[in-house]
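Participant: Sharing a structure below in structure tokens format, with a few things to ask.
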Amino acid sequence: MVVHVDAFLDGFSGYEQSLEEVTLRIREWSLLAPETIAPRIWDATAAMADRMAYWADKNWKIETESDLDRYTFGVAGAVGLLLSDLWTWYDGTQTNRTQAIGFGRGLQAVNILRNHIEDLGRGVEFFPEGWSVENMQEYALRNLALADAYTHALPVGPALSFCQIPLALAHGTIDALANGKEKLSRSDVIALLEKLSSVNVKAS
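Going by our numbering, the letters in the sequence shown line up with residues 64 to 267, in that order.
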């Protein structure tokens, strides 16, 4: 008799009321991955979970820029690498992997800037010690430059379409924050997406 053990169900036992639905259903989501790329997706997901466990154990305390680099890689830069592997698997698209890491890091750095006040309110500080908002903006822009290079090198197709929108919103958000806004307004988002759509139509 073969007994199938659901390791996720066993691991989450007793925590059902405190975990989000997306976590409780991680096994279900993971099984949706196409068979020929699933192991890469599972490996990336497991590695990210391991890195997040490390940061949770440290209570998300980031002291240096090196810490920030490790955090932004773990939560987003590694996703950039996974995306590059997905593009190659799907249609053979080749990308620069250093730029892929910058793509993820840049988006995450903008999120850190956007949520800075809210994070402080719940006792979490993602800025390295001694860093100002300007320092984090410089970090974000440095990585967004890599993200721009990554996206501009993509051929017309699904990978480019996927990357353009979050990158445009990241640039729009950092501009809005620099101009004293808390975030992009709904009308700002719509305007950015319409501009992006117009550019793509002209390019095609």
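We put the CB at the ideal spot given by N, CA and C, even for glycine.
1. Measure from the alpha carbon of N117 to the alpha carbon of each residue in N174, V138 and G143, then state which is nearest.
2. Would you be able to state if there are at least three C-beta pairs under 8 Å between the region 143 to 161 and the region 219 to 237?
3. What is the rounded straight-line gap between the Cα of L87 and the Cα of E79?
4. Between which two residues does the alpha helix (DSSP H) harbouring P305 extend?
5. Take C226 as the anchor and find which of F75, A96 and L144 has the nearest alpha-carbon.
6. Rounded to the nearest angstrom, what separates H234 and D69 at their Cα positions?
7. If you drop the 5 nearest sequence neighbours on each side, which residues of the same chain put their C-beta closer than 6 Å to that of I104?
Facilitator: Answer, in terms of the structure:
1. For clarity, residue 117 is Tyr in the given sequence; the question names Asn instead. Residue V138 is the option with its Cα nearest to Y117.
2. Segments in contact, yes.
3. 7 Å
4. Because the chain in this structure spans residues 64 to 267, residue 305 falls outside the shown range and cannot be described.
5. Looking at the Cα atoms, L144 is the closest of the given residues.
6. Rounded to whole angstroms, H234 and D69 show a C-alpha spacing of 42 Å.
7. A96
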